[in-house]
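Engineer: Chains as they are written, first to last, in our numbering: chain A, 44 to 144; chain B, 44 to 144.
Protein chains: 2
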Amino acid sequence: MKKTCGTCDMRGMLSFQILWLLSKKSMHGEELAEEIEKRRGAKPKAGTIYPALKELKNNGLIEGKKDGKIIKYVLTKDGKDEVKRAKAYFIRSFKDILLSD
Amino acid sequence: MKKTCGTCDMRGMLSFQILWLLSKKSMHGEELAEEIEKRRGAKPKAGTIYPALKELKNNGLIEGKKDGKIIKYVLTKDGKDEVKRAKAYFIRSFKDILLSD
DNA sequence: CGCAGTATATAGGATAACCGATATATTTAA
DNA sequence: TTAAATATATCGGTTATCCTATATACTGCG
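#1: Could you tell me if LYS46(B) is buried or exposed, where buried requires 16 or more neighbouring beta carbons within 10 angstroms of its beta carbon?
#2: Can you tell me where the alpha helix (DSSP H) with LYS148(B) in it begins and where it stops?
#3: Run through DSSP, which three-state label would ASP110(A) get?
#4: Would GLY72(A) count as contacting chain B if we go by Cβ distances under 8 Å?
#5: Using the beta-carbon of each residue, which ones in chain A are nearer than 7 Å to SER69(B)?
#6: I'd like to know whether the C-beta of LEU65(A) is nearer than 8 Å to at least one C-beta of chain B.
#7: Pairing CB atoms from the segment 69-76 of chain B with CB atoms from the segment 104-116 of chain B, are three or more of them under 8 Å?
#8: How long is the line joining the alpha carbons of ASP121(B) and LEU64(A), rounded to whole angstroms?
#9: Would you kindly report the start and end of the unbroken alpha helix (DSSP H) that includes LYS123(B)?
#10: Would ILE113(A) pass as an interface residue toward chain B - the criterion being a Cβ-Cβ separation below 8 Å?
#11: What span of residues does the alpha helix (DSSP H) with LYS81(B) cover, start to end?
#12: Can you list, in chain order, the residues of its chain with a C-beta nearer than 7 Å to that of LYS100(B)? Leave out the 5 residues immediately preceding and following it.
#13: Under a three-way DSSP split, which group does LYS115(A) fall into?
#14: List, in chain order, every chain B residue whose beta-carbon is nearer than 7 Å to that of LYS130(A).
#15: Kindly identify the DSSP beta-bridge partner or partners of ILE105(B).
#16: Name, please, each residue of chain B whose Cβ falls closer than 7 Å to the Cβ of ILE105(A).
Right, here's the structure in full:
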């Protein structure tokens, strides 16, 4: 994914952002990539998003329900817990940046 | 730095967080490391924070004013602009996460 | 002065995110 | 039924963050 921001390259935030999006709504890979594009301005490539989804699945945080060529991803119980934990950590790290004028 | 959060390792956010902290207050390396520790829960090691500062200096975003053994870092004009740009990007990417209940 | 503590610095290496290219399966269009 | 488009998948490689040493400079204290 092209770097849209010189200073913060968001490396390491992809899995978190995926989990958070799935906590709002079940989606498939393409849909997730588009949602992330809306936010970051650059769309994660197939070679980025699918390995990330595989990793999350291997870690038991999401599971995929296949329907034809589309795989809809849903958070597992562990995934929901992880979103909570990760979000708390994220907020503790950055809330003052967001809240500053 | 140890991973405090399984899903989001914050890789790539260090420079941004340093710049933002410096936009609030001029600080030296140790001080920055402590401020980051307050937020992330883990303190960046010397081998992490000083190369990051060097990089920012090389890019003309900060400059260091040496006073004895202490080097106080200040944002340059370019640094201030970059903080603005990076912050706008950060907020666009993550504000819905920070604002969700 | 000599020693401990603090702040800065750098080299070397591990990790992992991400991409480019490529391949496969399914659906739709023609 | 064949072609095009969509969705998923994997591999190899690059890049940059971050860490573990280790080293140096300055300060203060005895």
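We put the beta carbon where it would ideally sit given N, CA and C, even for glycine.
Structural biologist: Per the coordinate set shown:
#1: A caution first: LYS46(B) carries a pLDDT of 49, below 50, which makes its placement in the model too unreliable to give a value.
#2: Because chain B is modelled from 44 through 144, residue 148(B) falls outside the range shown and cannot be assessed.
#3: strand
#4: no
#5: The premise fails here: SER69(B) is roughly 16 Å from chain A at the closest Cβ pair, so nothing lies under 7 Å.
#6: No, its Cβ sits nowhere closer than 8 Å to a Cβ of chain B.
#7: yes
#8: Each residue's Cα considered, the two are about 34 Å apart.
#9: From DSSP, the alpha helix (DSSP H) with LYS123(B) extends over 120-142.
#10: no
#11: 72-83
#12: GLU106, GLY107
#13: strand
#14: ILE140
#15: LEU118(B)
#16: The contacting residues do not exist; ILE105(A) stays about 11 Å from chain B at best.
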